[in-house]
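Enquirer: Okay, here's the structure, questions in a sec.
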Amino acid sequence: MVYRIYVEKKPGLAHEAAALLKELQGNLGITRLTGLRLYNRYDVEGIRKELFETCVPLVFSEPQL
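First residue of the sequence shown? That's 740 in this note's numbering, and the numbers climb one at a time after it.
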């Protein structure tokens, strides 16, 4: 079975999304665009459901600052 998870950075730490938003507004002139959210998608296979659920908060999250 393939497990899929989507991960998004917290708003204060989403520097890549902020840079892309600024680039789209400046280079393409999309001035009405006021926000942008980026997601990373991970597909995991070959492990038990219990192990995947254990890994989600450990592997697919940023450490606390």
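From the three backbone atoms N, C-alpha and C, an ideal C-beta is built for every residue, glycine too.
This one's a predicted model, so the numbers in the text were calculated from it and none came from an experiment.
Helix, strand or coil, according to DSSP, for Glu733 in the structure here?
Expert: This structure does not reach residue 733, given that the chain is present from 740 up to 804, and the question cannot be answered.
Enquirer: Quick one, are the C-beta atoms of Phe775 and Leu760 less than 8 Å apart?
Expert: Taking the sequence shown and counting its residues from 1, the one referred to as residue 775 is at position 36. Taking the sequence shown and counting its residues from 1, the one referred to as residue 760 is at position 21. Rather than Phe, the amino acid found at residue 775 in this sequence is Leu. Contact: yes.
Enquirer: Give me the DSSP bridge partner(s) of Ile769.
Expert: Indexing the sequence shown from 1 puts residue 769 at position 30. Per DSSP, none; premise fails for Ile769.
Enquirer: In this structure, does DSSP put Glu755 in helix, strand or coil?
Expert: In the sequence shown, counting from the first residue as 1, residue 755 sits at position 16. In this structure, Glu755 counts as helix in the three-state DSSP scheme.
Enquirer: Is the Cβ-Cβ distance between Leu777 and Ala758 less than 8 Å?
Expert: The count along the sequence shown starts at 1 and reaches residue 777 at position 38. The count along the sequence shown starts at 1 and reaches residue 758 at position 19. No; because the gap between Cβ atoms is not below 8 Å, this pair is not in contact.
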